Amino acid sequence: MSQWLEQVVERAEQANLTGPRLQALTALKQQRWPTRKTEAWRYTSVTPIEQLSLSSVQTIRANATDIDGLDSLDLVFIDGVLQQSLAALTLPAGLTIQPLSALSDEEQTAASLFGQIKPAHHIFGLVNDVLAEQGLIIDVAPGADITQPIRIINLSSQGQESHVRMVVRLGEQSRLCVIEQGEGQDPSLHTAFAEYQIGPHAHLEHYRLALHTAKAVQVGGNHFRLLENAELNSTLVAFGSDLSRLDVDIEHAGEHAHAKFNAIYLLGSGETFDLHSCIEHAVPNGTTEENARGIVGDRAKAVFNGRIHIHRHAQKTLAELNNRNLLLSRRGQINTKPELEIYADDVKCAHGATIAEIEEKALYYLLSRGISRSQALIMLNFGFIQELINQIPNGAIATWLQEKLKDKFSQMEVK
Amino acid sequence: MLKIHNLHAKVEDKTILKGLSLEIKPGEVHAIMGPNGAGKSTLGYVLSGRDGYEVIDGQVELKGKDLLELETEERAREGLFLAFQYPVEIPGVSNMEFMKESVNAMREARGEEPLSAAEFLKKAKEACKQVHLPLDFLKRGVNEGFSGGEKKRNEIMQMILLEPSLCILDESDSGLDIDALQVVADGVNSQRSPERSFIVVTHYQRLLDYIKPDFVHILADGKIVKSGDASLALEVEKEGYAWLGGKAQEADA
Amino acid sequence: MSEQIEQALSRKYEAGFVSDIESETFAAGLDEEVIRKISAMKNEPEWLLEWRLKAFESWQKMEEPEWAHLHYPKIDYQAISYYSAPKSMKDKPKSLDEVDPELLRTYEKLGIPLYEQQMLAGVAVDAVFDSVSVVTTFREKLEEAGVIFCPISEAVHRFPELVKKYLGTVVPRSDNYFAALNSAVFTDGSFVYIPKGVRSPMELSTYFRINEQNTGQFERTLIVADEGSYVSYLEGCTAPQRDENQLHAAVVELVALDNAKIKYSTVQNWYPGDENGKGGIYNFVTKRGICHTNAHISWTQVETGSAITWKYPSCILKGDNSVGEFYSVALARGKQQADTGTKMIHLGKNTKSTIISKGISAGDANNAYRGLVQMGPNSDGARNFTQCDSLLIGDQCGAHTFPYIESRNPSAIVEHEATTSKVSDEQLFLCQQRGLDAEKAVSMIVNGFCKEVFKELPMEFAVEAGKLLEISLEGSVG
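Read top to bottom, the protein sequences are chains A, B and C. Here the first sequence stands for residues 1 to 415, numbered as in the UniProt record's numbering. Here the second sequence stands for residues 1 to 253, numbered as in the UniProt record's numbering. Here the third sequence stands for residues 1 to 478, numbered as in the UniProt record's numbering.
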């Protein structure tokens, strides 16, 4: 066990945990600290966590990036502490937001939401279970259509470590849009996990923007549980840092649910981003489409692991996963592993993965119209992720992202 | 406008152009006809400077400049425009963004100010209308999901926007029905002027009913084997390429 | 309709008979002494014994790998006999006439007559029975061309320089758990050397047969194709129907020097166990080839047998412009489990690899493709294309795909695609409506599904593979 993990356990033991959190602690103590031999951490090293020395650094308060034109209800956590009073918020009808502590141990257990983040994938779910003191429980009443997006901003200040947990439950036929935005100063450590239950015929529009860079270490994940006819449309955008890792699990627990998950990663300098996604089709008639696209430049490293698991009896499932990558630099690397595990015969499943360079034909076409080589390369590279940006339902986010990514891209080395 | 002298070019290890010479004056329309495999498309690629098309001998001057010394994009900025036979699809890059970059690159080369977004949009809309493309084509990815005819019209729209001095139309008629052909031809004809020259590459005479050429050349086995006026095209229409001899026929098969 | 499939899937294993041959078999168990005894039986030089002992030392420190998508009870390595040979082989028969007629009958029954005049012209055969090579045909004809094709135990004596130079260079003796075990106890196998610029005048093939009870088979094959040479090599395997599991842990090493080409084809039909999963071969095989400049290695495999298959024929594309190919059909039915695939390691510039994998799962079987495509930092212009297709027959089986793709070169291009499909009721109905019975229809659909791979097999093998698949699928239809 690593020193870092020992400290986590020590802190948790002093906190007199009860209920599910105590169970998590017991489980955590049985976990092995991941190494390169741990399959889920094969390409990503956790040493940046072990080597992070946070206490010695002067704290500078972080500020959140603004998204123009996004009329959202913002809830801001700085270093794991909510900056507003929930009681003082005026919320639209049908929407309730409570602090994590509002649920008793029994309610937590009954909600069977905590503990969905599987330690097998990633030990940091358990770390978050035992360390996250603050967080939110967001409930949407059946039939409620919440038009104003809710944005949860997690800021990590320089030298700080923070852990936030969120539970979101959408009642039958309700609608909600949630944006999880994370940013961290250099250096910092942040874990953020969110568990979503999307009720029958409910619709969740979801964004996870992991804008951590440099030495802002972040590990986190999302678990989505879809009941009958539920719909999920989720977009993940990540830059990379010394260590940036997200696990996204999508579980089809009710029939005829539809999940769409797009991920964009744009990595430069020495950044690492590691995305593990796991689509579980436990019941028949579900559909999933997942598209992950990344551009890797400089000395950056992208890791993608996308698993589709079709359980026995999950007949008539349609699941497609596609991962495409552009590697721009000789010093960069891409590791991708799309996986299929299928136990039902009447399904349509496919995955594809490519690592490629810009097509010569496309480049020539742009050059023949007088566009300079460097500009043409930028346009083509960017066009590659633009396709996913074009699918973002929220116009303000799409516009903002486009600029943000362009800005980041212009700083990257293009051959 | 354009002087080609004794041009030899190869692709990989195969020599395709074997001593092609041609001179085009401002305002002229030259048609190049010939059997498949004669090197018609290669000529467009060589003139525009596509990678992999290597000039092994000969000279090409565009408006007095040594064309072969220039990069692909520099040739375009000198006013050379190639309308592709098979335009490539570029998903994610919108037609609008693409053309704006391109138009402004040309303007910059001519020492003009870039167009503002509004000015560009106005021009682009007009060009779109001229080739009967719905306006939403500007927002779509370059050629993405366009039909064959829409791709060809998109090429002509680009030509209208870029105002080149030499246009090479590479089989812009192939795969078009008569209505689409009319649209393409109208687009081209609207751009004819005393300062602008055209090379119309085609396998069939049909297009030349709509775009009247001043000269017609027959290209076979990498060389111009016969030149004449518009009547030569009609002759070809009637007699095919058989008279060129076995070699060209083979290439045609 | 799927009931019909189930019925059709009930197996028939035609090679399941036992030959009544008197054998000399070591007592079960493995220690240094056993290794010394194996080495002594073969009258091996000291260096090879040392090599074996070092491999054994590493093996003892290693752990059996658990990452594969396979479930089987722990293997008791002390319950296996590591050497068994027909008694009649003791005094080394000089010619075919001196070979025990029962042995010859065994191979005849398997469709592999060892009399040269009866054989398919153009195929030389090395027959390996339990731990020893029984006979190698057409040797003289091959030696005229300079081609060496003989049991590896013999090559150790006749061509010690060649064996010493290449043995363990592609699969090091402690490469993995099963390779280390093989290095310690391998008993026989084939050795092939094709001299510079020579095109082997005929196909070479080895037929492996496990006969004796409670024995393991650990053969080792080494093929060296010198500069500019070409060889096509075929490998077939069968075993009797027995109730207990038998271990097969082979190693195959291929060396393709500059401009050489090796085509290696396998039809693996080890006994797969009965319908309840009782018995069957545990097949843990390490196959790997190294390609030097402009060299080409092509692996083709049709895997229908074995209770457990753990096998990843791989290519190290070391030389510039070298080419690696992997064409695979893996059929798992009943309680069979297969975890098979390939590794393509691109080190040189402009290296190319193609992977076509067709997995068929039926009954309660699980079939996994596991592959690695690695583009090294210097693999400028390298290309890989991978297509993995799975066909499921019935709703109790599993089909899995685990491709690892790693790139460190911006000009390398990797494309991977995977799909799954089933034999649909509509397809079956159409065939039946046109007068085909369900069994024939499934066999036709499956054959069509595998066509891309079958066309890579040498003619005689392609026919055999098609038939094998048909037999294996008998009763598997709805």
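Cβ coordinates follow ideal geometry from the N, Cα and C atoms, glycine included. Values in this document were obtained by computation on a predicted structure and should not be read as measured data.
Handout entry: Buried/exposed call for B:A118, threshold 16 Cβ in 10 Å
Key = exposed
Practice task
Would you kindly work out how many angstroms separate the C-alpha atoms of A:A396 and A:I264, rounded to a whole number?
Solution key: Each residue's alpha carbon lies about 17 angstroms from the other.
Exercise for the section: In angstroms with no decimal places, state the Cα-to-Cα distance between A:R331 and A:I378. Expected result: 19 angstroms
Problem - Which listed residue (A:A102, A:D129, A:N381, A:E172) has its alpha carbon closest to that of A:G94 - result: A:E172
Practice task
Assign B:D66 to one of two classes, buried (16 or more other C-beta atoms within 10 Å of its C-beta) or exposed (fewer than that).
Solution key: exposed
Exercise for the section: Measure the beta-carbon distance from C:V251 to C:I223 and round it to whole angstroms, keeping in mind my assumption that it falls under 8 angstroms. Expected result: Not a contact, Cβ separation roughly 12 angstroms.
Exercise for the section: Return helix, strand or coil for A:M166, following the three-state DSSP convention. Expected result: strand
Practice task
Compare the C-beta of A:S368 with all C-beta atoms of chain B and state if any pair is closer than 7 angstroms.
Solution key: By this cut-off, A:S368 is an interface position.
Handout entry: Among A:R307, A:Q134, A:I138, the one whose alpha carbon lies nearest that of A:V81
Key = A:Q134
Problem - Sequence-distant residues of the same chain with beta carbon closer than 7 angstroms to A:Q411, five excluded per side - result: G268
Problem - Between the CA atoms of B:H217 and B:L244 - distance to the nearest angstrom - result: Rounded to whole angstroms, B:L244 to B:H217 spans 13 angstroms at the Cα level.
Handout entry: Limits of the unbroken beta strand (DSSP E) element including A:L131
Key = It is not in any beta strand (DSSP E) - A:L131 instead sits in the alpha helix (DSSP H) that spans 124 to 131.
Practice task
For B:E73, go through chain A and note every residue whose CB falls closer than 7 angstroms to its CB, in chain order.
Solution key: L367, G370, I371, S372, R373
Problem - Opening and closing residue of the alpha helix (DSSP H) in which A:E360 lies - result: 360 to 367
Handout entry: Coil, strand or helix - B:W243 by DSSP
Key = helix
Practice task
Name the two residues that bound the continuous alpha helix (DSSP H) containing C:S328.
Solution key: No alpha helix (DSSP H) holds C:S328; the beta strand (DSSP E) holding it covers 323 to 332.
Practice task
Below 6 angstroms CB to CB, which residues in the same chain sit around B:G34 once its five sequence neighbours on both sides are set aside?
Solution key: K40, I218, L219, A220
Handout entry: Under 8 angstroms (Cβ pairs) to chain A, residues found in the stretch 397 to 415 of chain C
Key = Taking 8 angstroms as the Cβ-Cβ cut-off against chain A, the residues of the stretch 397 to 415 of chain C that qualify are C397, G398, A399, H400, T401, F402, P403, Y404, I405, E406, S407, R408, N409, P410, S411, A412, I413, V414, E415.
Exercise for the section: Would you tell me roughly how many angstroms separate the C-alpha atoms of A:C177 and A:G143, rounded to the nearest one? Expected result: If you draw a straight line from the Cα of A:C177 to the Cα of A:G143, it comes to about 14 angstroms.
Problem - is_contact[B:S174, chain A] using C-beta, thresh 7 angstroms - result: no
Handout entry: Contacting positions in the stretch 327 to 343 of chain A - beta carbon closer than 9 angstroms to chain C
Key = L327, L328, S329, R330, R331, G332, Q333, I334, N335, T336, K337, P338, E339, L340, E341, I342, Y343
Handout entry: Enclosing beta strand (DSSP E) for C:W310 [first to last residue]
Key = 308 to 311
Exercise for the section: Going by DSSP, name the residue or residues bridged to C:K335. Expected result: Answer by DSSP bridge pairing: none, since C:K335 is not bridged.
Exercise for the section: Please classify A:H190: does DSSP put it in a helix, a strand, or coil? Expected result: The answer is strand: DSSP assigns A:H190 an E or B state.
Exercise for the section: Grab me the residues of C:G466's own chain with a C-beta within less than 7 angstroms of its C-beta, minus the 5 sequence neighbours each way, in chain order. Expected result: N447, F454
Exercise for the section: Indicate whether at least one CB of chain A lies closer than 7 angstroms to the CB of C:T420. Expected result: yes
Problem - 7 angstroms Cβ cut-off: residues of chain D touching C:D320 - result: Absence of chain D from the displayed structure is noted, the protein chains being A, B and C.
Handout entry: Where A:H256 falls: helix, strand or coil (DSSP)
Key = coil
Handout entry: Proximity test, Cβ basis, 7 angstroms: C:E417 and chain A
Key = True, the Cβ-Cβ gap to chain A drops below 7 angstroms.
Practice task
Might you give, ordered along the chain, the residues of its own chain that have their beta carbon closer than 6 angstroms to the beta carbon of A:K406, omitting 5 neighbours on each side?
Solution key: none
Practice task
With distances taken Cα to Cα, identify the nearest neighbour of B:A180 among B:M159, B:R153, B:E163, B:L169.
Solution key: Nearest C-alpha to B:A180: B:R153.
Exercise for the section: Output the distance between the C-alpha atoms of B:A109 and B:L68, rounded to the nearest integer angstrom. Expected result: 18 angstroms
Problem - Own chain residues within Cβ distance below 7 angstroms of A:A141, not counting five before or after - result: Closer than 7 angstroms at Cβ, skipping near neighbours: G94, G171, S174.
Problem - Endpoints, the alpha helix (DSSP H) within which B:K123 is located - result: 117 to 130
Practice task
List the residues of chain C whose Cβ lies closer than 8 angstroms to the Cβ of A:G352, in chain order.
Solution key: E415, H416, E417, A418
Practice task
Can you check the stretch 194 to 228 of chain B for any beta strand (DSSP E) of at least 3 residues that lies completely inside it and give the ranges in chain order?
Solution key: 197 to 202, 215 to 220, 223 to 228
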